[in-house]
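Enquirer: Take this structure, written in C-alpha cells, and hold onto it; I'll ask about it next.
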Amino acid sequence: MNKVNAEKQKITRSNLITFGMVIIAYVIVEIMLKTGNISSLFKGLLVPLCIYSILAVSLNLVVGISGELSLGHAGFMCVGAFTSATWSMLMSGSAMPAGLRFFIAIVIGAVSAAFFGFIIGIPVLRLKGDYLAIVTLAFGEIIKNLVNALYFGIDARGAHFSLEDSMHLNMEGGDIIIKGAQGITGTPKNSNFTIGVVLLIVALFIVLNLINSRTGRAIMAIRDNRIAAESVGLNVTKFKLLAFTISAAIAGVGGVLYAHNLSSLQALPKNFGYNQSIMILVFVVMGGIGNIRGSVVAAVVLTVLPELLRGLSDYRMLIYAIVLILMMLFTSAPSWIQYRERILMSFKKNKTERKEKD
Amino acid sequence: MKRLLSVVLTGAMAVSLAACGSSGSGSAASTTAAASGEKTETAAAAASSDATWKFGSQGPLTGGAAVYGTAVVNGTKVAVDEINAAGGINGYQIEFQSADDEHDQEKAINAYNSLKDWGMQVLIGPTTSAPTIAVGSEAVNDNLFMITPSGSAVDCTKPANAFRVCFSDPAQGAKSAQYIGEHKLATKVAILYDSSDVYSSGIYESFVAEAANQGIEVVDTEQFTADSKTDFSTQLQKMQASGAELAFLPFYYTEAALVLKQADSMGFKPVFFGVDGMDGILDLDNFDTSLAEGLMLLTPFSADADDDATKNFVAKYKEAYGSTPIQFAADAYDAVYIVKAAAEAANLTPDKSVDEIGTALEEQMKSLKYDGITGAEMTWDDNGDVDKEPKAVVIKDGAYVSAE
C-alpha cells in the first residue's frame, strides 16, 4: 500500500514540476514585458511557442502514450485553424464581444478537429505501426489540398460552397470567406501570450490527468501488449480512438491559436504540410517519447533556436540542422547517455570527497 | 582518449556557435556592408559619424521560393550600393540588412521583428504575398513604411503603410485580357493555371472576369496543383480538343517550360500567352529556347531592354552576382529608388522616428511620380497600388522583343 502511495506522490510531484515550469516561465516573461526588457523578435515568438508546445503535448499523447506513429497532426491543426477562422470572419461584423467570439472559436476548432480525428480514427486505428503512419500522412495532405481547393462564401441567400473557383459560388454580393489557395485574410488577432499559456496549461492538465487515470493505464496497457490487454477485457478500439480524438482536439486548439495570431491564413506546405507534422514529431522524439514535460521543452528550444541563429544569415539552416543532430545525439544516443551519467557520477564523487575533506 | 577529444571538440564548436548567435545582429550588419564593395565601404566610413538610414529587406532565402527572395535582396543591395556611392539619401548613407522568411507567414513575422530589433526604418519587402499580408498587419501598428517589390495579392497593400511596385494579381489578369482583346490575338482562349497557388489563381479569376468584356470566349479551363506539376498531358489534350487559338498560362516559368515542351511534342501550337512570372524562361538551364518561339508575355521588365537605366542595372547585377536579374530584382531595385525619391521630396533625415518617417513617406507617395526600370510614370493610388503600363514582349529567335 505504501508503495502505491509513494508512486502517487511521485507522479503528483512530477506533474507539479511541469505546471510550475510553465507558470514560472509565464511570470518571468510577463515581468520582462512589463519592464520592456524584451526584444520584438522574442515578443513575436511568444504565441508560436505556446502553439508548438500545445501541438507537441497533443502528439505525445498519440505517439508516446498510445504508441501509434501519427504523421498527420498538421492536418488536425489545419482543420482547427480554418473552421475557427471561418467562424471569426462570419462573426466579425456582429456585436458579439471579441472575448466570447474567440472562446467559441476555440471550442469550434477543438470540436471540428476532434470530429475529424474520430472519423479518421475509425478506419485508421485498425492499422498498426508503419501503415498507420502512412495513412495519417496521406490524411494530412488531403486536408491541405482540400482546403486549397475550397471556396466558401456567404450572402443574403445563405452559404455557398465550391471546389472550382470563386465564380462558381454564384454569389449575389456578400463576402467570400475562404478563397481557395488564397485562404482567409483578415482574421482578427485574438491570440495573445496569456491565452496561449492558459490553453497550454489546460492541454497539459487534460493529458497528464488522462495518463494517470484508469483510462490512461488502459491505453498504455494496449500500447505495451495488445493481446494481453485484450485478454483482460479492454476495448482496444475504444481506448485508441479516445486517445486519438483527444489528441486531435488539442491539435485543433493549436490551430485556432495559429489562425488568430496571423492575419493571413493559407494552407501552405510549410505550415500545414507534412513538414510541419514531422517537425511536431521531432519535438516529441527529442523531448522523449511519452515525456510530456520534455516535449514542451523541446518545442520551445527548437522554435527559438532558428531565430537565435538569424545572425548567421546564409548558414542559418545548415547550422540549425547540425545543432539538431548534436542535440538528438546528446539526448538519445546510448554512448552519450553513458558519458552524461559518468560525468554526473564524477561530480557526485567530487562532492562527497570534498565533504569528507571538510 | 580519442572519444574524449571528440567530445571536447564538439563542445567547443557548440560554444562558438552560441557566441555567433548572440552577437549575430551586429556582425551580420558589418558583413553586408563589407560585401557591398570597397568603394561603398569608404563612403560609408566617411559618413558613419552621423546617423544612417536603416533599410531592411526580407524574403525566402532558403527553400523552394529562394530564387525570388534572393533576387529581391540582391536587387536591393545593388540599389543601396549605388545610392551610397552617389552620396546617400539627403546626404545620409544607407545601412542594409536582410532576413530570411522562408515563405511562411509566421517566420515572416519573426524576420520582421528581428529587423525591427536591428533598428529598421524602411522595409523593402516582403517578397511573397502571404508573408506580405502577415507582416503588413504587424507593421501597421508601428507605422513602418513598407514597399513590397513583388507581393501581388490584393490584400498586400490593405494597411495604410504598405505600397507595392509590381502589379496586383487582378490588375495583371485584367490587363492581359485587355491586351488580348484590343490586339485581337484570339477569341477562343484556353486557360491552364495552378489552383494551389495564390498568384496563379488570382490572375486566373480576374482574367476570366475581364475576358467577358473583351469578347473573349474561354473555351476550356484546366488546373494543376503544386503536387502534380510535372505531367500536363491530360490538361493539354483537353485544351487542344477545345479548339483554342490562344493558351493563357498565368504561372511561373519553371512549370511553363514543361508545358511548352509537352505541348510541342503533341503538336499543340496555339499562341502561348504568359504573365510576369514567365519572365526568366530563356535563362532556364537545359531549356530549348526554340520551344518558346512566339511566346508572348506581359511583363513590366525585360533584362534585354536597351534604355540606359536597365542596361546599367543589368550590368551591375551581373557583375555582382553573375546572373541576369529577373523581374523581382528589378522591382526591388526600383523600390529603393522610390523610397529615395519620396524621402528626398519630404526632405527627411534618418534621425526621425520610424513613425515620423512612415507618415512623411506615405504622404509623399500619393503625389510621387517615378520613372523606373519596371515602368515609366508610376503613380500610386490611395490603396498603395501602382499604376503603370505593362510591356508586352514576344520571344523571337531566343530573345525578348517588344511586341509593339
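Respectively, the protein sequence lines represent chains D and U.
Here the first sequence stands for residues 812 to 1169, where the numbers follow the numbering used here.
Here the second sequence stands for residues 3 to 406, where the numbers follow the numbering used here.
Built from N, CA and C at the ideal position, the CB exists for glycine as well.
Source: prediction; values computed, not measured.
(1) Name the chain D residues that come within less than 9 Å of Val210/U, Cβ to Cβ?
(2) Find the residues of chain U that neighbour Asn764/D, judging by a C-beta separation of less than 8 Å, and give them in chain order.
(3) Do Ile359/U and Leu350/U count as a contact pair if the criterion is CB distance below 8 Å?
(4) Could you tell me which residues DSSP puts in a beta bridge with Gly969/D?
(5) So Trp64/U contacts chain D; which residues on that side make the cut at Cβ distance below 8 Å?
(6) Run through DSSP, which three-state label would Leu350/U get?
(7) Any Cβ of chain D within less than 8 Å of the Cβ of Tyr402/U?
(8) Can you give me the Cβ contacts of Thr33/U inside the same chain, cut-off strictly under 8 Å, excluding the 5 residues immediately before and after it?
(9) Thinking Gly127/U and Val74/U are a contact (beta carbons under 8 Å), I'd like their distance in whole angstroms, please.
(10) Taking DSSP as the reference, what is the three-state secondary structure of Lys845/D?
(11) Which class does Phe270/U belong to by DSSP, given the choice of helix, strand or coil?
(12) Are the C-beta of Lys118/U and some C-beta of chain D separated by less than 8 Å?
(13) So is Ser267/U in contact with chain D if we call contact Cβ pairs under 8 Å?
(14) If we define contact as Cβ-Cβ less than 8 Å, is Gln1149/D a contact residue for chain U?
(15) By the DSSP assignment, the beta strand (DSSP E) with Asp365/U in it spans what residues?
(16) Taking the alpha-carbon positions, what's the Ile865/D to Ile917/D distance?
(17) Just to confirm, are Ser152/U and Phe330/U a CB contact at a threshold of 8 Å?
(18) Can you give me the C-alpha to C-alpha distance between Gly1105/D and Leu1015/D, rounded to a whole angstrom?
(19) Do you know how far the Cα of Phe270/U is from the Cα of Gln242/U?
(20) Given that a residue counts as buried once 16 or more other Cβ atoms are within 10 Å of its Cβ, and exposed if not, what is Tyr942/D?
(21) Report the rounded CA-to-CA distance for Met122/U versus Asp384/U, giving the unit in angstroms.
(22) Taking only runs of the beta strand (DSSP E) that begin and end inside the region 899 to 966 of chain D, which ones reach a length of at least 3 residues, in chain order?
(23) Taking the beta strand (DSSP E) that Asp102/U belongs to, which residues open and close that run?
(24) Closest to Ala892/D by C-alpha separation, out of Gly932/D, Tyr1150/D, Ser1074/D, Met907/D, would be which residue?
(25) Reducing DSSP to helix, strand and coil, say where Ser38/U ends up.
(26) Take Asp333/U and list the residues in its own chain whose beta-carbon comes closer than 6 Å to its own, dropping the five residues that flank it on each side.
(27) Check the Cβ-Cβ distances between Glu1118/D and every residue of chain U, and say whether any is below 8 Å.
(28) Which bits of chain U does Ser850/D rub up against, with CB to CB less than 7 Å?
(29) In the region 234 to 317 of chain U, which residue ranges form an unbroken beta strand (DSSP E) of at least 3 residues, counting only runs that do not cross its ends?
(30) If the cut is a Cβ gap below 7 Å, which residues of chain B does Thr996/D touch?
(31) Quick test of the definition: if touching needs 3 or more C-beta pairs under 8 Å, does the region 1055 to 1062 of chain D touch the region 928 to 938 of chain D?
(32) Helix, strand or coil for Ile876/D? Go by DSSP, reduced to three states.
(33) For the putative contact between Leu870/D and Leu1092/D, defined by C-beta atoms under 8 Å, what is the C-beta separation to the nearest angstrom?
(34) From this set, Gly1122/D, Val1096/D, Pro1145/D, His1071/D, which residue's C-alpha is nearest Thr894/D's C-alpha?
(35) What are the residues of the region 104 to 118 of chain U that lie near chain D, defined by any Cβ-Cβ distance shorter than 7 Å?
(36) Quick check on the burial criterion: 16 or more other C-beta atoms within 10 angstroms. Buried or exposed for Ile1009/D?
Expert: Taking the coordinates as given:
(1) What Val210/U touches in chain D: Asp976, Met978.
(2) For chain D, the structure presents residues 812 to 1169; residue 764/D sits outside this window and is missing.
(3) yes
(4) In DSSP, Gly969/D forms a bridge with Asp966/D.
(5) A small fix is needed here, since residue 64/U is Thr in this sequence, not Trp. Result: Arg1127, Met1128.
(6) It is coil, neither helix nor strand.
(7) no
(8) Residue placement at Thr33/U cannot be trusted, given a pLDDT of 38 that sits under 50; the coordinates are not used to answer.
(9) 6 Å
(10) helix
(11) coil
(12) yes
(13) no
(14) no
(15) The amino acid occupying residue 365/U in the given sequence is Glu; Asp does not appear at that position. Run containing Glu365/U: none in the beta strand (DSSP E); it sits in the alpha helix (DSSP H), 356 to 369.
(16) 13 Å
(17) yes
(18) Their backbone Cα atoms lie some 12 Å apart in a straight line.
(19) Rounded to whole angstroms, Gln242/U to Phe270/U spans 6 Å at the Cα level.
(20) exposed
(21) About 24 Å.
(22) 962 to 966
(23) Per DSSP, the unbroken beta strand (DSSP E) holding Asp102/U starts and ends at 96 to 102.
(24) The shortest Cα separation from Ala892/D among Gly932/D, Tyr1150/D, Ser1074/D, Met907/D belongs to Ser1074/D.
(25) Any reading at Ser38/U must be qualified, since the residue scores a pLDDT of 39, below 50, and its modelled position is unreliable; no value is offered.
(26) Pro151, Ser152, Val167, Cys168, Thr376
(27) Among the CB atoms of chain U, one or more fall inside 8 Å of the CB of Glu1118/D.
(28) Chain U residues near Ser850/D: Asp119.
(29) 248 to 251, 273 to 276, 298 to 301
(30) Absent here is chain B; the protein component of the structure consists of chains D and U.
(31) yes
(32) helix
(33) That belief holds up - the Cβ atoms of Leu870/D and Leu1092/D are roughly 7 Å apart, short of 8 Å.
(34) That would be His1071/D, whose Cα lies nearest to the Cα of Thr894/D.
(35) Glu104, His105, Asp106, Gln107, Glu108, Ile111, Asn112, Asn115, Ser116, Lys118
(36) Per the sequence shown, residue 1009/D should be read as Val rather than Ile. That one is exposed.
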